[in-house]
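Written out below as structure tokens is the structure these notes cover.
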Ligand code: MSP
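Numbering (the numbering used here), first residue to last: 308 to 776.
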């Protein structure tokens with residue numbers, strides 16, 4: 308069986324999971340289920356990013372011992388992922404002893420490309436990222452993502468010589484060896500790469516004590532991004548294990564804000580280690596709320612638990628997988644959410660109820676679902692246009708409703724019962740065929756539909772799949 312590997316960004320554990328974090332997981336889950344449908348064995352990694360000054364300061368502010376703080380919050384993310392109906396195969400915490408030890412080994416392997424220098428410049432603690440003087444000036448000294456002033460750093464750090472790999476990285480991106488989706492982000496990043504300086508990859512221990520010690524230098528800890536990016540391979544057992552069965556990853560899923568770390572620093576690290584680059588980087592858009600940017604640091608976050616508790620997991624997945632774009636920003640409002648729920652109930656819930664009722668009345672036996680090729684659907688999926696792929700499935704569902712209205716099996720049953728039966732059999736077959744792909748997006752719903760129609764005696768569910776409030 309062909310093996311493949313998908314990764315998700317590992318969130319900082321300085322707060323609770325928020326709505327934005329759901330996007331990484333949902334997209335990864337859809338891709339995983341799609342690949343499994345194609346007969347592949349898929350490894351899906353998730354994890355938590357637990358070092359750095361931002362997390363350390365938050366624990367201190369709350370007066371919680373740092374270990375307890377990261378343990379509790381990491382657990383919340385694990386629960387959150389499960390609450391979305393997402394199944395991962397590997398979970399990595401950057402405070403795991405294995406991860407820490409492997410990161411140090413990675414550092415040592417990169418030593419030919421590392422040098423020490425003095426850094427003087429700007430840093431955003433929200434991004435845990437350095438910015439150039441130019442970016443600092445363009446943003447009037449305030450990080451546009453976190454709305455907080457950059458802090459001035461003046462310290463001695465280790466650097467990774469990005470210059471050693473720039474040409475190779477540019478080539479890989481330009482030629483789609485490491486393909487960045489969407490294309491406009493690829494172009495955006497290629498522009499950024501031109502002026503990309505060497506990156507600082509450590510911080511003085513007296514500034515940041517919560518980090519992985521730099522091997523051979525007690526006074527420094529690793530920059531949190533070096534530690535975090537390594538997770539994608541430490542979780543596979545690198546460097547002790549041969550990871551060639553899983554690496555390179557097929558797709559690494561990240562939010563648009565962290566593409567630059569994944570398209571710049573990460574490939575430099577991989578090239579320095581002599582490892583191949585991931586085949587695809589998928590940068591998704593942001594979820595806004597009522598048109599406003601949402602972030603932990605700004606404090607306007609919507610608790611996904613509130614959305615989940617309203618109608619359950621499947622309506623949540625329906626909204627964010629069909630009505631949010633895979634690559635553009637997308638907005639959430641409660642009104643839109645209710646409208647989306649009604650659509651789910653009207654289009655799919657009613658279809659199942661009506662069709663099962665008609666089948667029962669006319670004693671139509673169930674059948675087994677079958678996956679038929681669908682080139683349009685595969686085309687959208689291969690371009691990571693998941694929401695458009697879902698639209699195709701939905702149009703097919705709406706079409707079944709239309710066919711029932713037009714074919715009127717209840718009327719036919721009175722005059723030509725055999726024809727009515729044939730019409731129903733064909734509708735059930737088509738629904739079960741569509742259901743194979745619906746399962747990628749709404750697995751629980753699809754399992755219920757299979758339970759209803761893949762049996763000898765079709766019986767409508769006692770409560771509709773999506774009850775109206
Ligand atoms: N710890 C880093 C990632 C390290 S990966 C080696 C980080 N963490 S984060 O908690 O800030 O973000 C985690 C993921 O959530 C990222 O992919 C980020 O883009 C995504 N999102 C954060 N806010 C988001 C929205 N409002 N909308 C959609 N995704 C968002 O960055």
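Positions of the beta carbon are idealized from the N, C-alpha and C atoms, including for glycine.
Taking residue i and residue j to be in contact with their CB atoms under 8 Å, please state how far apart those CB atoms are, rounded to whole angstroms.
i: residue 312; j: residue 557; result: 6 Å
i: residue 588; j: residue 487; result: 5 Å
i: residue 320; j: residue 384; result: 7 Å
i: residue 756; j: residue 671; result: Contact doesn't hold; Cβ gap of about 15 Å is too wide.
i: residue 272; j: residue 638; result: The requested residue 272 is not part of the displayed model; the chain covers only 308 to 776.
i: residue 417; j: residue 580; result: 7 Å
i: residue 773; j: residue 656; result: 4 Å
i: residue 521; j: residue 514; result: Contact flag wrong, Cβ pair sits at about 13 Å.
i: residue 347; j: residue 553; result: Incorrect: roughly 12 Å between the Cβ atoms, too far for contact.
i: residue 325; j: residue 611; result: 7 Å
i: residue 667; j: residue 765; result: 6 Å
i: residue 586; j: residue 555; result: 6 Å
Among the candidates the options, whose CA atom is the shortest distance from the CA of residue i?
i: residue 523; options: 411, 439 and 740; result: 411
i: residue 316; options: 309, 337 and 356; result: 356
i: residue 743; options: 730, 680 and 766; result: 680
i: residue 382; options: 735, 323, 345 and 710; result: 323
i: residue 712; options: 408, 730, 379 and 695; result: 730
i: residue 769; options: 661, 750 and 428; result: 661
i: residue 710; options: 654, 752 and 334; result: 654
i: residue 449; options: 706, 344, 648 and 429; result: 429
i: residue 651; options: 678, 745, 668 and 345; result: 745
i: residue 635; options: 330, 478, 325 and 446; result: 330
i: residue 358; options: 373, 350, 346 and 349; result: 373
i: residue 570; options: 617, 489 and 758; result: 489
i: residue 565; options: 714, 333, 435 and 361; result: 435
i: residue 692; options: 318, 405 and 335; result: 335
i: residue 763; options: 753, 725, 669 and 726; result: 669
i: residue 308; options: 648, 699 and 343; result: 343
i: residue 704; options: 719, 732 and 740; result: 740
i: residue 340; options: 753, 318 and 707; result: 753
i: residue 771; options: 728, 649 and 442; result: 649
i: residue 673; options: 582, 728, 529 and 419; result: 728
i: residue 406; options: 694, 684 and 519; result: 519
i: residue 732; options: 750, 707, 722 and 751; result: 707
Do the CB positions of residue i and residue j come within less than 7 Å of each other?
i: residue 467; j: residue 413; result: no
i: residue 761; j: residue 643; result: no
i: residue 535; j: residue 472; result: no
i: residue 402; j: residue 377; result: yes
i: residue 783; j: residue 633; result: Given that the chain is displayed from residue 308 to residue 776, the structure contains no residue 783 and the question cannot be resolved.
i: residue 517; j: residue 568; result: no
i: residue 801; j: residue 505; result: Any answer about residue 801 is impossible in this case: the structure gives the chain only from 308 up to 776.
i: residue 696; j: residue 688; result: yes
i: residue 283; j: residue 354; result: Absent from the structure is residue 283, since the part of the chain shown begins at 308 and ends at 776.
i: residue 631; j: residue 759; result: no
i: residue 628; j: residue 333; result: yes
i: residue 594; j: residue 327; result: yes
i: residue 462; j: residue 361; result: no
i: residue 314; j: residue 539; result: yes
i: residue 850; j: residue 724; result: Any question about residue 850 goes unanswered here, given that the chain covers just 308 to 776.
Would you say the beta carbon of residue i comes nearer than 6 Å to a heavy atom of the ligand MSP?
i: residue 343; result: no
i: residue 535; result: yes
i: residue 358; result: no
i: residue 328; result: yes
i: residue 562; result: yes
i: residue 451; result: no
i: residue 519; result: no
i: residue 594; result: yes
i: residue 319; result: yes
i: residue 556; result: no
i: residue 508; result: no
i: residue 601; result: yes
i: residue 331; result: yes
i: residue 565; result: yes
i: residue 570; result: no
i: residue 316; result: yes
Please confirm whether residue i has its beta-carbon closer than 7 Å to some beta-carbon of chain C.
i: residue 761; result: Absent from the structure: chain C. Only one protein chain is present.
Any contact of the segment 554-571 with the segment 423-430, i.e. 3+ C-beta pairs under 8 Å? Between the segment 554-571 and the segment 423-430 there are fewer than three inter-stretch CB-CB distances shorter than 8 Å, so the stretches are not counted as touching.
Should the segment 489-500 be called in touch with the segment 438-458, which here means at least 3 C-beta pairs below 8 Å? no
For the segment 619-637 against the segment 722-737, do three or more pairs of beta-carbon atoms, one drawn from each stretch, fall closer than 8 Å, so that the two count as touching? Result no; under three Cβ-Cβ pairs closer than 8 Å.
Mind the definition here: the segment 389-399 touches the segment 362-370 only if three or more C-beta pairs lie below 8 Å; say whether that holds. no
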